[in-house]
Amino acid sequence: MKRFETINVIPFIDIMLVLLAIVLTTATFVAQGKIQISLPVSSESDASTAQAPVEIKVSESGAFFMQDKPITLEGLDQAFSKLAVTAPLLLKVDKSAQFDFFIKLLNLTERHQLKNIAIATQSSD
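In this text, residue positions in the sequence shown follow this note's numbering: the first is -15, and each later residue adds one.
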């Protein structure tokens, strides 16, 4: 009777771990920049700020994002209450978003007396 040889699975496991590492690494890079915002165009734009601003984005559908994380208006209200009055804010509102979302965002900044606000646009060049 012939003896069955066992299958060596160690090389298979090594290959699977390498593939897993590659998938996890590429997934990290793919996740960056997921929020699609189409900014309005401006010929007079200034991209320089001394302190890193807190980014607030409003998507075309009206979803709010703070530092690329989804947040509600109530969440923004709480986050703004913790910010210093001089903290720089960078508002990135999709040009196709309803103006009402932008007004709600401005009302929140006014309620918390945040004055260091910049509105992001794309250069027309």
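Just so it is clear, CB atoms sit at the ideal spot from N, CA and C, and this is done for glycine as well.
- Within its own chain, the residues whose Cβ lies closer than 6 Å to the Cβ of Ile55, once the five positions on either side in sequence are excluded, are Phe48, listed in chain order.
- Counting along the chain, Ala102 sits inside the beta strand (DSSP E) bounded by residues Ile101 to Ile103.
- Counting along the chain, Leu67 sits inside no beta strand (DSSP E), nor does DSSP assign it H or E at all.
- Distance from the CA of Phe86 to the CA of Val42, rounded to the nearest whole angstrom, comes to 8 Å.
- Note on Val2: under 16 other CB atoms within 10 angstroms of its CB, so exposed under the neighbour-count rule.
- DSSP, read as helix, strand or coil, puts Pro54 in strand.
- Ranked by Cα distance from Thr105, the options Lys79, Thr10, Glu94 and Lys99 are led by Lys79.
- Rounded to whole angstroms, the separation of the alpha carbons of Glu44 and Ala81 is 4 Å.
- Asp61 and Ile(-3) have their C-alpha atoms spaced approximately 49 Å apart.
- Under the three-state reduction of DSSP output, Ile40 falls in the strand class.
- In this structure, the CA atom of Leu74 is about 43 Å from the CA atom of Met0.
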